[in-house]
Amino acid sequence: MPTAVLVLPPEHRFDPQVAPSYSRWVPPKWMLQHASNPPTPRRPNANGLGEEWSPKKPSFRGIDLTKPDPRIRVPDISIASDVSDDQETAFVDVQILDSTGKEPYRGDVLVRGKRIVSVGEEIAPEVLARARVIQGNGRTLMSGLCDAHTHFTWTNAASLDGLADMPVEEHTLFSARSARTFLDCGYTMCFGAASAKSRIDAVVKNAINAGDIPGPRALANAAEMAPHDGALVPGITRFVETPEEITAAINEFADQGADQIKLSMSGEEITEVLRAEDTTFPDELVAAGVEAAHARGLRVCSHARSDESIMQCLQYGVDVIYHASFISDSTMEALEAQKERVFVAPALAWLVCTLEDAEAYGYPPSKAESAGYARELAIAVPGLKEMKKRGIRVMPGGDYGFAWTPHGTYRDPELFVKRLGYTPMEAILAATALGGELLLHPEELGKVQPGYYADMILVNGNPLEDITLLSHHENLDLIMINGRIHKEQLKDRSEARYEPKGSLFNEIPEKVTESKKAVFNADFLPPYLRKSPVACFLIVSKHLTSAARIVARSSRLSEGKWTVLMKPWVTEGLLKQEEGGEFFER
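Count the sequence shown with the UniProt record's numbering and you get residues 1 to 586, in order.
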């Protein structure tokens, strides 16, 4: 009888027979080849509370889990603007990638006020005479991007505990700056995944919506919740132990302006205390949390790596599942049945960068692998490919805001293509049209169509031919949100044409490790500051390779070479410490 063979990506192979003793993971059928008797999924007929439950026709206490809970409110995503309703901007001769699935086509796009009014049709001369005209010259015009796993409040810290260290005043300013960084990189939609301090997400969202600071359309989260023995980062966690406590916390967060709440339902390998396969939330707390949130019109997100925690999400109505690494056959079937309701955002960049880029911060690849991240990536990738095959909505959003995933290095569409087998078009649709669905405004966000908000990016090139263009924000010649041009570099592509306002963005970000191992992230700064005499530089230690890889991504040069912007400017292939005068050849 043929033996089942476990098939893994070639870069990360391991023998499941020597899996860690703590592991309860069973290889699912999509990872098995040449098996004459593939495993039959175990289909539970009851949820964790002992109540009758069917994975094919799931419901919980009378609520159909294949459809969104009708109590969830549609959030307000409007942004105040100084753009008048009759102000017109004409994009002439652009390659229109409209995110309907149609191949790009040449044409014009007219914006009036905050909305797109015509797409593809040649704009009349009398309209061009009164409009602001943007000559596209064949550049690609497409919707702005969506990050489904956003942490404005993650401070580029080199440890989990470091996320809690910044005083609230500086933390609020930092979060406003990171919101702007998302927009600077072409992200016009952000879905909050947790706030290190419970009100900051809502405060930043409200300031953006009032037109006080630049940023993407954002939905706010609050502090993540967990029982005391299940917290990943105690300093940023709201502890809940009973249904009454979680209900009270959620009502408080709703009053503060949260649009969704977060449950931390499984472990995380880097903690070295709670494994990714550990499940930390009791069923009664999950059920109570979902009920309390939906009763207030809020959605529920979950940190859920373990199979058991993913199944809990599906049994009680969690709306957005983060990570979903160790999903089993039976849980995959249950997820497929709820694919019209549930979103999955795996935060692929966290896994990849923890394995490849964390050495400069004391977490070398050998440690990441021994902790379990190589194994998790090897298991997660085939599962995510299976989700794609089944039509489950998998969203980009990389858990950015750690030292080795710093703000400004957003590249999930690229990872979807390179790691998950998406075509560039599929990755772009996930990052645009699905973003409109995630923000609950699918008829207004995520596409270049008449009636949609004018939230668009003009790309110098064709991202369907080179998806990495979207990872390199200097390829975005124009960024528009709400009908207002946020960034324009059509005349001189070396720098943006807007100027800083106020002192909020005039400082370089804080160092994220000790001074001898500091990486200043060029992308975290707006373009005008990156060109200043205090621009980004790298103090190199023995960890040159992984640190330089981050700088290469941050300075957005082609793979294999980098330039660190500083005074005087440094040529490609060299890193120089300005004062020390010491060169390091690549």
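For each residue, glycine too, the CB sits at the ideal point set by N, CA and C.
Taking the CB atoms as reference points, tell me whether GLY483 and VAL111 lie closer together than 7 Å.
To locate residue 483, count along the sequence shown from 1; it is residue 483. To locate residue 111, count along the sequence shown from 1; it is residue 111. For GLY483 and VAL111, yes; Cβs fall inside 7 Å.
Where does MET166 sit, in a helix, a strand or coil, going by DSSP?
Position 166 of the sequence shown, counting from 1, holds the residue named residue 166. It is coil, neither helix nor strand.
Closest by CA to ALA176, which one among TYR452, SER195 and VAL320?
Mapped onto the sequence shown, residue 176 falls at position 176. It is SER195.
Closest to GLU291 by CA distance: which of GLU244, THR331 and ILE321 is it?
Numbered from its first residue, the sequence shown carries residue 291 at position 291. Looking at the Cα atoms, GLU244 is the closest of the given residues.
So, helix, strand or coil for MET31, using DSSP?
By 1-based counting over the sequence shown, the position of residue 31 is 31. It is helical.
Can you tell me the Cβ-Cβ gap for TYR361 and TRP404, rounded? I've got them flagged as a contact below 8 Å.
Position 361 of the sequence shown holds residue 361. Position 404 of the sequence shown holds residue 404. That pair is a contact at about 6 Å.
Can the beta-carbon of SER78 be found less than 7 Å from the beta-carbon of SER143?
Working through the sequence shown from its first residue, we reach residue 78 at position 78. Working through the sequence shown from its first residue, we reach residue 143 at position 143. The answer is no: Cβ separation not under 7 Å.
Could you tell me which residues DSSP puts in a beta bridge with LYS487?
In the sequence shown, residue 487 corresponds to position 487, counting from 1. Looking at the DSSP assignment, LYS487 forms a beta bridge with ILE479.
Our contact map puts PHE174 next to ASP147 with C-beta atoms below 8 Å; I'd like the distance itself, whole angstroms only.
Locating residue 174 in the sequence shown gives position 174, where the first residue counts as 1. Locating residue 147 in the sequence shown gives position 147, where the first residue counts as 1. Contact doesn't hold; Cβ gap of about 17 Å is too wide.
Could you pull the start and end residues of the beta strand (DSSP E) that HIS303 belongs to?
In the sequence shown, the residue the question calls residue 303 occupies position 303. Looking at the DSSP string, the run of the beta strand (DSSP E) that includes HIS303 is 299-304.
Using beta-carbon positions only, say whether residue 588 and THR237 come within less than 7 Å of one another.
Residue numbering for the chain in the displayed model covers 1 to 586; residue 588 lies beyond these limits and cannot be assessed.
Is VAL203 helix, strand or coil when you go by DSSP?
Translated into positions along the sequence shown, residue 203 becomes position 203. Three-state result, VAL203: helix.
So, at 6 Å on beta carbons, what are the nonlocal neighbours of GLY230 in its own chain, with the 5 sequence-adjacent residues on each side left out?
If you number the sequence shown from 1, residue 230 lands on position 230. Within the same chain, GLY230 has close Cβ partners THR280.
So, does the segment 163-174 touch the segment 464-483, judging by three or more C-beta pairs under 8 Å?
No: the two stretches stay apart, fewer than three of their Cβ pairs being nearer than 8 Å.
Starting from GLN312, trace the alpha helix (DSSP H) in both directions and tell me its first and last residue.
One-based indexing of the sequence shown puts residue 312 at position 312. Looking at the DSSP string, the run of the alpha helix (DSSP H) that includes GLN312 is 307-316.
Rounded to the nearest angstrom, what separates THR181 and ILE457 at their Cα positions?
On the sequence shown, residue 181 is found 181 positions in, with the first residue counted as 1. On the sequence shown, residue 457 is found 457 positions in, with the first residue counted as 1. Taking the straight line from one Cα to the other gives about 15 Å.
Which stretch, first to last residue, makes up the beta strand (DSSP E) that contains MET265?
Your numbering for residue 265 matches position 265 in the sequence shown. Unbroken run through MET265: none, as it is neither H nor E.
With 7 Å as the threshold, decide whether the Cβ of HIS323 is near any Cβ in chain C.
This model lacks chain C altogether, as it is built from one protein chain only.
Using 8 Å for Cβ pairs, my map puts GLN256 next to SER198. What's the rounded Cβ distance?
By one-based count along the sequence shown, residue 256 stands at place 256. By one-based count along the sequence shown, residue 198 stands at place 198. That pair is a contact at about 6 Å.
If you drop the 5 nearest sequence neighbours on each side, which residues of the same chain put their C-beta closer than 7 Å to that of VAL233?
Here the question's residue 233 lines up with position 233 in the sequence shown. Excluding residues within five positions, the ones whose Cβ falls inside 7 Å are LEU160, ASP161, LEU163 and ALA164.
Helix, strand or coil for PHE505? Go by DSSP, reduced to three states.
Here the question's residue 505 lines up with position 505 in the sequence shown. The predicted position of PHE505 is uncertain, since its pLDDT is 34 and thus under 50; a value taken from the coordinates is nonetheless stated next. PHE505: coil per DSSP, three-state reduction.
Cutting at 7 Å between CB atoms, please list the residues of its own chain near PRO416, excluding the five before and the five after it.
Within the sequence shown, residue 416 is the residue found at index 416, counting from 1. It is Phe, not Pro, that sits at residue 416 in the sequence shown. So the qualifying residues of the chain are PRO396, TYR422, ALA427 and ALA430.
Using the C-alpha atoms, what's the distance from LYS67 back to ASN47?
Position 47 of the sequence shown, counted from the first residue, corresponds to residue 47. Position 67 of the sequence shown, counted from the first residue, corresponds to residue 67. In a straight line, the C-alpha of ASN47 is about 18 Å away from that of LYS67.
Compare the Cα-Cα distances from ARG411 to each of TYR363, CYS353 and VAL127 and report the closest residue.
Numbered from its first residue, the sequence shown carries residue 411 at position 411. It is CYS353.
Would you report the Cα separation of GLU269 and ALA371, rounded to the nearest angstrom?
Taking the first residue of the sequence shown as 1, we reach residue 269 at position 269. Taking the first residue of the sequence shown as 1, we reach residue 371 at position 371. Their backbone Cα atoms lie some 6 Å apart in a straight line.
Following the continuous alpha helix (DSSP H) through GLU336, name the residue where it begins and the one where it ends.
Against the sequence shown, residue 336 aligns to sequence position 336. That run of the alpha helix (DSSP H) goes 329-337.
Note down, one range per segment and in chain order, each beta strand (DSSP E) of at least 3 residues found wholly within the segment 334-381.
Correct list: 343-345.
Going by Cα to Cα distance, which pick from GLU272, VAL286 and ASN251 is closest to LEU263?
As a working mapping, residue 263 is identified with position 263 in the sequence shown. Measuring from the Cα of LEU263, the nearest candidate turns out to be VAL286.
Does DSSP classify LEU97 as helix, strand or coil?
Reading the sequence shown from its first residue, position 97 is the one you call residue 97. Three-state result, LEU97: strand.
Name the residue from ALA220, MET332, MET480 and GLY401 whose alpha carbon lies nearest to the alpha carbon of PRO75.
Here residue 75 refers to the residue found at position 75 when the sequence shown is read from its first residue. Closest option to PRO75, Cα to Cα, is ALA220.
Could you round the C-beta distance between MET225 and VAL240 to whole angstroms and report it? I think they count as a contact, below 8 Å.
On the sequence shown, residue 225 is found 225 positions in, with the first residue counted as 1. On the sequence shown, residue 240 is found 240 positions in, with the first residue counted as 1. That pair is a contact at about 5 Å.
CA-CA distance, ASN462 and ALA288?
Stepping through the sequence shown from its first residue, residue 462 is reached at position 462. Stepping through the sequence shown from its first residue, residue 288 is reached at position 288. Cα-Cα distance, rounded: 47 Å.
What I want to know is whether the C-beta of GLU333 ends up closer than 6 Å to one or more non-hydrogen atoms of the ligand ADP.
Of ligands this structure carries none, so the ligand ADP is not represented either.
Please name the residue, chosen from ASN137, TYR453, ILE467 and TYR400, that lies closest to ASN156 on a Cα-to-Cα basis.
Within the sequence shown, numbered from 1, the residue matching residue 156 stands at position 156. Residue TYR400 is the option with its Cα nearest to ASN156.
When the Cα of ILE96 is compared with those of HIS228, MET31 and ASN137, which residue comes out closest?
Counting from 1 along the sequence shown, the entry for residue 96 is found at position 96. The residue with the shortest Cα to Cα distance from ILE96 is ASN137.
Hey, quick one: how far does the alpha helix (DSSP H) through ARG139 stretch, first residue to last?
Locating residue 139 in the sequence shown gives position 139, where the first residue counts as 1. Careful: ARG139 lies outside any alpha helix (DSSP H) and carries neither H nor E.
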